[in-house]
Amino acid sequence: MTINAASCRVTLEGVTKVFDGNVVIDAIDLDIKAGSLTTLLGPSGCGKTTILRLIAGLEMANAGRIRIGEQDVTALSASHRDVAMVFQSYALFPHMTVEENVGYGLKVQKVAPAERRQRVDAALTDVGLAGFGGRYIDQMSGGQQQRVAVARALILEPKVMLFDEPLSNLDTKLRRSMREDIRRLQQSTGITSVYVTHDQSEALAVSDEVVVMSAGKIAQIGTPEELYRRPTSTFVATFMGDANILKGMAVGGGGAFSVEIDGYRLALSGVRPGVSVGPVNIAVRPESMRLLRPGTGEGLPAEVRSWAYVGSSNEYMVDHRGDEMFVVTPAGSEVFRPGEPVLVAIDPFGVAVI
Amino acid sequence: MILLSPSDADKSGRAILAWSAIGIVAFAVLPWKALDYGLFDALASELWDAVGWRLGVALPWLPTLACLLLALRPWRGVEPGLAFRLDAAVAAATVISLLIGSKMVGLPLGLGAAVQVVVLGGIAALAVARLGYVQGDAFMTGSILLITGLVVTFILFPISTILIKILVDAQGTFTPFRFFEIVTSAGFGRVLLNSIVLAIAVGVSTTVLGFVFALYAVRATSRFRGLIRIFSILPIITPPFVVGLALILIFGRSGTINDALLSLFGAGGLLVPEGSAGWFQRSGYIYGFTGIFLAQTLAFTPVSYLVLHGLFGTISPALEEASLTMRASDWQTFRYVTFPLLRPGIANAFLLSVIESLADFGNPLILGGDFDVLATEIYFSIVGSRLDYSRAGALGLTLLSISLAIFLIQNRWIGRKSYVTVTGKGTGGHLTAMPEWMQRACGVIVYGWIAFNAVLYGSIFMGGLVVNWGADYTPTFAHHAELWLAGLGYGGWPSYLNTMKLALIAAPLTAVLGILIAYVTTRKRFVGRGLVDFGAMISFAIPGTVMGVAYILAFNVPPIQLTGTALILVISFIFRNMPVGIRTGVSALSQIDKSLEEASLTQRAGSLRTIVSVVLPLLRPAIISASVYSFIRAVTSVSAVIFLVTAQTNVSTTYILARVERGNYGVAVAYGSVLILTMLIVSILIDHFVGRSRVQRRVAWKERKA
Chain A
-18 MTINAASCRV TLEGVTKVFD GNVVIDAIDL DIKAGSLTTL LGPSGCGKTT ILRLIAGLEM
42 ANAGRIRIGE QDVTALSASH RDVAMVFQSY ALFPHMTVEE NVGYGLKVQK VAPAERRQRV
102 DAALTDVGLA GFGGRYIDQM SGGQQQRVAV ARALILEPKV MLFDEPLSNL DTKLRRSMRE
162 DIRRLQQSTG ITSVYVTHDQ SEALAVSDEV VVMSAGKIAQ IGTPEELYRR PTSTFVATFM
222 GDANILKGMA VGGGGAFSVE IDGYRLALSG VRPGVSVGPV NIAVRPESMR LLRPGTGEGL
282 PAEVRSWAYV GSSNEYMVDH RGDEMFVVTP AGSEVFRPGE PVLVAIDPFG VAVI
Chain B
5 MILLSPSDAD KSGRAILAWS AIGIVAFAVL PWKALDYGLF DALASELWDA VGWRLGVALP
65 WLPTLACLLL ALRPWRGVEP GLAFRLDAAV AAATVISLLI GSKMVGLPLG LGAAVQVVVL
125 GGIAALAVAR LGYVQGDAFM TGSILLITGL VVTFILFPIS TILIKILVDA QGTFTPFRFF
185 EIVTSAGFGR VLLNSIVLAI AVGVSTTVLG FVFALYAVRA TSRFRGLIRI FSILPIITPP
245 FVVGLALILI FGRSGTINDA LLSLFGAGGL LVPEGSAGWF QRSGYIYGFT GIFLAQTLAF
305 TPVSYLVLHG LFGTISPALE EASLTMRASD WQTFRYVTFP LLRPGIANAF LLSVIESLAD
365 FGNPLILGGD FDVLATEIYF SIVGSRLDYS RAGALGLTLL SISLAIFLIQ NRWIGRKSYV
425 TVTGKGTGGH LTAMPEWMQR ACGVIVYGWI AFNAVLYGSI FMGGLVVNWG ADYTPTFAHH
485 AELWLAGLGY GGWPSYLNTM KLALIAAPLT AVLGILIAYV TTRKRFVGRG LVDFGAMISF
545 AIPGTVMGVA YILAFNVPPI QLTGTALILV ISFIFRNMPV GIRTGVSALS QIDKSLEEAS
605 LTQRAGSLRT IVSVVLPLLR PAIISASVYS FIRAVTSVSA VIFLVTAQTN VSTTYILARV
665 ERGNYGVAVA YGSVLILTML IVSILIDHFV GRSRVQRRVA WKERKA
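Here is the structure:
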């Protein structure tokens, strides 16, 4: 596949979408960098798919502007926007062969049959389906159908590729290898891509940037690591994996911030701008917590409520003065039984002030 | 919120220019005014005199100047959003003032004007799409405008003229109480009561019979249950009143039964002593309630059978098996599991039959005697010298309200309930056979009915082959000879050929329009969808006679003057049978994932291209079956067309009815039998053709798999 020289950014300015009186997208501003793979992540009903469809031109914004590159596409129909979409259901035409499906866009563009055949073959080779062109869709497995859908989208060398939960119909193993393939194809072509998913691990694995959405608004934008390590809200903290939300007191200032929780002091390496001294909420990842026997170190005093062995780790629910906390310790570490008193030690690396 | 690049705006500007040019050409060369005898029967000189600029009237210049204005677009320099708004406003204002002007001047619109209206609609669609409506899609916007325009013009406008007819009298005075005067006048209550009693009786009888049939077809172990299918199709391809004719042949005053009884018990009968006056006189018992009830029961049982048969198929055998494993007997399972699941379907079948019975016109016409019902009373208010349009309107409105109310109940309340069970997913398990005694009881009813039908249909075919059924049973070909051997311009041929021609023109248009409406209302959101939905719903519920009255009231005067033409028959076929297309379209579209179309759109195919290469191929079987069914319904329909035909545009059904009125039963049933045979051949051919292609597809698919 040739490298697309001119990647385009996609910008949304104050985009609003209303369905039957419900504001589904609420004045969103979003700047998707040229050549990046940006994921829209959020629970169902948060509006992520609507944004994708607004960019595609399958829905029209009630207010605001959408630009692809320098072109304002707000009022353009889907067929004039130079985007390609991979659908959740793949949306492969059942009455056409694989070849006809992939070559459909070229045929619409009136590309000569010889060139069309050549480009279809190239696209099928790119997705590892060389030689499958003559088959019908119902003769392909789920993973193969997924690849056909990707090939069909790629072949037009669109300015923007849109993926609507493309892996949700595949089993876990296939999902991992497919998402790597998508990532590889996206990076080799450099086509700006927008990817919708509700699976945070998928989002973290494929994205340059993740946009977390909640109820029609953007909750936070950042790289996968920023979102995981520095969530700015309880919603983002709990949506991006498990998190224990604790109340604490921020002390210090300048370069040296620390947080005190019930007298247990944690020195933080860095906090987001805007945090001031005083009471704060902090989010702690369960795997950043360790359990100690009382008297063997510093930590929050607690009592083990339940314990589960899940193979790669131990999962505990512990009770700290009436607050439940979820703690994950590596397999092979010391095991505590329900009812035992413990100290919960926290690694400052996994702590975020929100 | 227009933010187009100048080049896009230019492109639309050029498209608008092209459209306007067509509008101007239409003015220059096409007959702008409607012609008295229709487009195809007019002389060349009449056509030429009707061309827009030769009429010497100001009205044709109005849309033409609007087209000129749109071609020049003096506002093209302004901001595109405003420019497109101006385009749309000019187009819309012109169409509205054209219609009003035509009504005021009394100049009926013809082909040229129609082309100009379409041109202005096209321009409005382009402009509106450019403003970002309907996903910015000009073709879809155009289709929506077209559909809305057609539904308003040919469904809502005619209905509204009935209302106006009642509210305003011939002198133009407002008469708000006219409707109440009519409905409280003598005789009205009796007619209304007759209609309702008949409809309920027919509803009950067809539902019971349909239920028994469905039960037998699905659950009996008899080898003969395939027969049910044939006899369930027959009434569909038979003009409903032909069944009534058959009843007259058998039960009529000089029918077979009367003859038989007379020859046994009448004066000089076999079992009557010499010299006695006999104990039996000829009786007309079949005319009136009994006859209509019997004829409608025969005609509409298949409707309820098909509804219930469809529903039986969707009940998962696993539910019954579950009941049986919990030690319920066959009967208990039927009583507590199967029957409750069928209840919504039973209500559905009942209400559909009631609507059919209320709307039926042919049977009450020939069998009614003194038993007047709403559908025929509407006709009798107009026919002959009475010409009481406000009475016809009031009767029509009453009938429409009842049908609409029943339809709403059926659609909103029960329709939804019964659809919930239709999942289309086959589940495992075997159907439980009926208990032996039930099977036997059902068998008696089913085979009795089939035998009765066989006698009736036999009498239709035989009746045309004897001199005079009831009096002279000498075999003869005279009736058929009179109809078919006098040359193509005589006997039955003109009406037969006319019917086939009009039905063949109307059928594909009906299917396409219905499916397009289904597509637009299920897949698109747009302003005015409520209007299209409402119009479609009216078309589902409207009885043919009401539509006939509405059409002559609406299309007898400018702006749209169509009465007496063949076009109005085609239009009435299309809008009367549109529900067939809509129903087929809705159910076929529900099988097609919406994202298939979206995939095509994002592949840069426009919506026209998407429909042609993705939607239509997938809908092909639906389009074919909808066309066939519309064709059959057009050929067999009588209620609406009887108001609209003329001597030149006579159709088969009205020809047959005219012969019945003159007492030529032999000729009437001879023609009827030919019509039934035609429909039978058409449906078998198409079924064979479509059926085979389906098999071929399956075979091809299997080969691919292998």
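From first to last, the protein sequence lines stand for chains A and B. Read in the working numbering, the first sequence has 311 at position 330, and its numbers run on one by one without any break. Take any residue in the second sequence, count from 1 to its spot, add 4: that is its number in the working numbering. Ideal Cβ positions, reconstructed from N, Cα and C, are used throughout, including at glycine. Values in this document were obtained by computation on a predicted structure and should not be read as measured data.
Next on the checklist: Cutting at 7 angstroms between CB atoms, please list the residues of its own chain near VAL377 of chain B, excluding the five before and the five after it.
Outcome noted: For the purposes of this step, residue 377 of chain B is taken as residue 373 along the second sequence, with counting starting at 1. Excluding sequence neighbours, VAL377 of chain B sits near VAL195, ASN198, SER199, LEU202, PRO368.
Next on the checklist: With three or more beta-carbon pairs closer than 8 angstroms as the criterion, would you say the segment 133 to 144 of chain B touches the segment 48 to 56 of chain A?
Outcome noted: The segment 133 to 144 of chain B is in contact with the segment 48 to 56 of chain A.
Checklist entry - Does the segment 576 to 594 of chain B come close enough to the segment 27 to 40 of chain A that 3 or more CB-CB pairs lie under 8 angstroms? => result Cβ pair count under 8 angstroms is below three, so no.
Checklist entry - Name the residues in the segment 111 to 132 of chain A whose C-beta lies less than 7 angstroms from a C-beta of chain B; which are they? => result TYR117, GLN120
Next on the checklist: Using beta carbons (cut-off 8 angstroms, strictly below), is TYR297 of chain A in contact with chain B?
Outcome noted: Working through the first sequence from its first residue, we reach residue 297 of chain A at position 316. So no, TYR297 of chain A is outside the interface.
Checklist entry - Are the C-beta of VAL524 of chain B and some C-beta of chain A separated by less than 8 angstroms? => result Within the second sequence, the letter at position 520 stands for residue 524 of chain B. Not closer than 8 angstroms to any Cβ of chain A, the Cβ of VAL524 of chain B fails to qualify, so no.
Next on the checklist: Tell me the rounded alpha-carbon separation between PRO319 of chain A and ARG286 of chain A.
Outcome noted: As a first step, residue 319 of chain A is located in the first sequence; it is residue number 338 there, counting from the start. As a first step, residue 286 of chain A is located in the first sequence; it is residue number 305 there, counting from the start. Those two C-alpha atoms are separated by around 5 angstroms.
Next on the checklist: At the level of alpha carbons, what is the spacing between ALA104 of chain A and ARG133 of chain A?
Outcome noted: As a first step, residue 104 of chain A is located in the first sequence; it is residue number 123 there, counting from the start. As a first step, residue 133 of chain A is located in the first sequence; it is residue number 152 there, counting from the start. Each residue's Cα considered, the two are about 8 angstroms apart.
Checklist entry - Which of helix, strand or coil does DSSP assign to TRP453 of chain B? => result To locate residue 453 of chain B, count along the second sequence from 1; it is residue 449. DSSP places TRP453 of chain B in helix when its eight states are reduced to three.
Item to check | Cβ of TYR85 of chain A within 8 angstroms of any chain B Cβ | outcome: As a first step, residue 85 of chain A must be located in the first sequence, where it is residue number 104. For TYR85 of chain A, the answer is yes, since a Cβ of chain B falls inside 8 angstroms of its Cβ.
Checklist entry - How big is the Cα-Cα spacing for LEU8 of chain B and SER16 of chain B? => result As a position in the second sequence, residue 8 of chain B is number 4, starting the count at 1. As a position in the second sequence, residue 16 of chain B is number 12, starting the count at 1. Because LEU8 of chain B carries a pLDDT of 47, less than 50, the predicted location of this residue cannot be relied on, and the following value inherits that uncertainty. Between the alpha carbons of LEU8 of chain B and SER16 of chain B lies a distance of about 11 angstroms.
Next on the checklist: Could you compute how far the alpha carbon of TRP65 of chain B sits from the alpha carbon of TRP79 of chain B?
Outcome noted: On the second sequence, position 61 is the one that residue 65 of chain B refers to. On the second sequence, position 75 is the one that residue 79 of chain B refers to. The straight-line gap from Cα to Cα measures roughly 21 angstroms.
Item to check | Element boundaries [beta strand (DSSP E), containing GLY203 of chain A] | outcome: In the first sequence, the residue the question calls residue 203 of chain A occupies position 222. 198 to 203 is the span of the beta strand (DSSP E), which, as asked, contains GLY203 of chain A.
Checklist entry - Using 8 angstroms as the limit for Cβ to Cβ distance, is PRO621 of chain B near chain A? => result Counted from its first residue, the second sequence places residue 621 of chain B at position 617. Chain A contact via Cβ: present.
Next on the checklist: What does the Cβ neighbour count give for MET330 of chain B, buried or exposed, with the cut at 16 atoms within 10 Å?
Outcome noted: For the purposes of this step, residue 330 of chain B is identified with residue 326 of the second sequence, where counting begins at 1. By the 10 Å Cβ count, MET330 of chain B comes out exposed.
Checklist entry - Can you tell me the Cα-Cα spacing of ARG233 of chain B and LEU154 of chain B, whole angstroms? => result On the second sequence, position 229 is the one that residue 233 of chain B refers to. On the second sequence, position 150 is the one that residue 154 of chain B refers to. Spanning the alpha carbons of ARG233 of chain B and LEU154 of chain B requires a straight line of approximately 37 angstroms.
Checklist entry - Apart from the five residues just before and just after GLY123 of chain A, which ones in its own chain have a Cβ nearer than 7 angstroms to its Cβ? => result Within the first sequence, numbered from 1, the residue matching residue 123 of chain A stands at position 142. Non-local C-beta neighbours of GLY123 of chain A in its own chain, meaning closer than 7 angstroms and more than five positions away in sequence, comprise ASN150, LEU151, ordered along the chain.
Checklist entry - If you compare alpha carbons, which of A:MET121, A:LYS154, A:PRO139 is closest to GLN90 of chain A? => result Here residue 90 of chain A is taken as the residue at index 109 of the first sequence, counted from 1. Selected option, being the one with the closest Cα: A:PRO139.
Checklist entry - Which residues in the same chain have their Cβ closer than 7 angstroms to the Cβ of GLU486 of chain B, if we skip the five residues on either side of it in sequence? => result On the second sequence, position 482 is the one that residue 486 of chain B refers to. For GLU486 of chain B, where only same-chain residues beyond five positions count, the Cβ hits under 7 angstroms are GLY495, VAL671.
Next on the checklist: In whole angstroms, give me the CA-to-CA distance for PRO350 of chain A and THR614 of chain B.
Outcome noted: The structure shown has nothing for residue 350 of chain A, since chain A only spans -18 to 335.
Checklist entry - Closest by CA to GLU279 of chain A, which one among A:LEU324, A:ALA93, A:ARG98? => result Numbered from its first residue, the first sequence carries residue 279 of chain A at position 298. Among A:LEU324, A:ALA93, A:ARG98, the Cα nearest to that of GLU279 of chain A belongs to A:LEU324.
Item to check | Beta-carbon proximity of LEU166 of chain A to LEU135 of chain A, cut-off 8 angstroms | outcome: Residue mapping note: residue 166 of chain A aligns to position 185 of the first sequence, counting from 1. Residue mapping note: residue 135 of chain A aligns to position 154 of the first sequence, counting from 1. In this structure, LEU135 of chain A lies closer than 8 angstroms to LEU166 of chain A by Cβ.
Checklist entry - Along chain B, in chain order, which residues have C-beta atoms closer than 8 angstroms to that of PHE144 of chain A? => result As a position in the first sequence, residue 144 of chain A is number 163, starting the count at 1. In chain order: nothing, as chain B lies at least about 12 angstroms away.
Next on the checklist: Using C-beta distances below 7 angstroms, list every residue in its chain close to VAL232 of chain A, excluding the 5 sequence neighbours before and after it, in chain order.
Outcome noted: Residue mapping note: residue 232 of chain A aligns to position 251 of the first sequence, counting from 1. Contacts found: SER239, GLU241, VAL258.
Item to check | Straight-line gap, PRO243 of chain B to THR260 of chain B (C-alpha atoms, nearest Å) | outcome: Counted from its first residue, the second sequence places residue 243 of chain B at position 239. Counted from its first residue, the second sequence places residue 260 of chain B at position 256. Cα-Cα distance, rounded: 22 angstroms.
Next on the checklist: Does the CB of GLY532 of chain B have a neighbour CB from chain A at under 8 angstroms?
Outcome noted: Here the question's residue 532 of chain B lines up with position 528 in the second sequence. False, the Cβ-Cβ gap to chain A never drops below 8 angstroms.
Item to check | Rounded C-alpha distance that separates PRO479 of chain B from GLY388 of chain B | outcome: Counted from its first residue, the second sequence places residue 479 of chain B at position 475. Counted from its first residue, the second sequence places residue 388 of chain B at position 384. So the alpha carbons of these two residues sit roughly 37 angstroms apart.
Item to check | Same chain, Cβ closer than 7 angstroms to CYS(-11) of chain A, neighbours up to 5 away in sequence not counted | outcome: Translated into positions along the first sequence, residue -11 of chain A becomes position 8. Excluding positions up to five away in sequence, the list reads ALA15, ILE49, GLY50, LYS140, VAL141, THR173.
Next on the checklist: By alpha-carbon positions, which one of A:THR170, A:LYS(-2), A:LEU281 ends up nearest to LEU273 of chain A?
Outcome noted: As a first step, residue 273 of chain A must be located in the first sequence, where it is residue number 292. It is A:LEU281.
Next on the checklist: On the CB-based measure, 16 or more other CB atoms within 10 Å of its CB, does ARG62 of chain A come out buried or exposed?
Outcome noted: Reading the first sequence from its first residue, position 81 is the one you call residue 62 of chain A. Burial of ARG62 of chain A is indicated by the presence of at least 16 other C-beta atoms within 10 angstroms of its C-beta.
Checklist entry - Of all Cβ atoms in chain B, is any one closer than 8 angstroms to the Cβ of VAL108 of chain A? => result Residue mapping note: residue 108 of chain A aligns to position 127 of the first sequence, counting from 1. For VAL108 of chain A, the answer is no, since every Cβ of chain B falls outside 8 angstroms of its Cβ.
Checklist entry - Taking all protein chains shown into account, do 16 or more other C-beta atoms lie within 10 angstroms of the C-beta of TRP36 of chain B, making it buried, or fewer, making it exposed? => result Residue mapping note: residue 36 of chain B aligns to position 32 of the second sequence, counting from 1. When all chains shown are included, TRP36 of chain B counts as buried.
Item to check | Between the CA atoms of LEU167 of chain B and ALA22 of chain B - distance to the nearest angstrom | outcome: In the second sequence, the residue the question calls residue 22 of chain B occupies position 18. In the second sequence, the residue the question calls residue 167 of chain B occupies position 163. Distance between the alpha carbons of ALA22 of chain B and LEU167 of chain B: 41 angstroms.
Checklist entry - Buried or exposed: which applies to SER422 of chain B, given that a residue is buried once 16 or more other Cβ atoms fall within 10 Å of its Cβ? => result On the second sequence, position 418 is the one that residue 422 of chain B refers to. Only weak support is given to the placement of SER422 of chain B: the predicted model assigns it a pLDDT of 44, under 50, and the value that follows is read from those uncertain coordinates. Buried, by the Cβ-count rule.
Checklist entry - What residue range is occupied by the uninterrupted beta strand (DSSP E) comprising LEU39 of chain B? => result Within the second sequence, residue 39 of chain B is the residue found at index 35, counting from 1. Neither: LEU39 of chain B is in no beta strand (DSSP E) and is coded neither H nor E.
Checklist entry - chain B partners of VAL64 of chain A, CB-CB under 7 angstroms? => result Here residue 64 of chain A refers to the residue found at position 83 when the first sequence is read from its first residue. Think of a sphere of 7 angstroms around the beta carbon of VAL64 of chain A: the chain B residues whose beta carbon falls inside it are THR606, in chain order.
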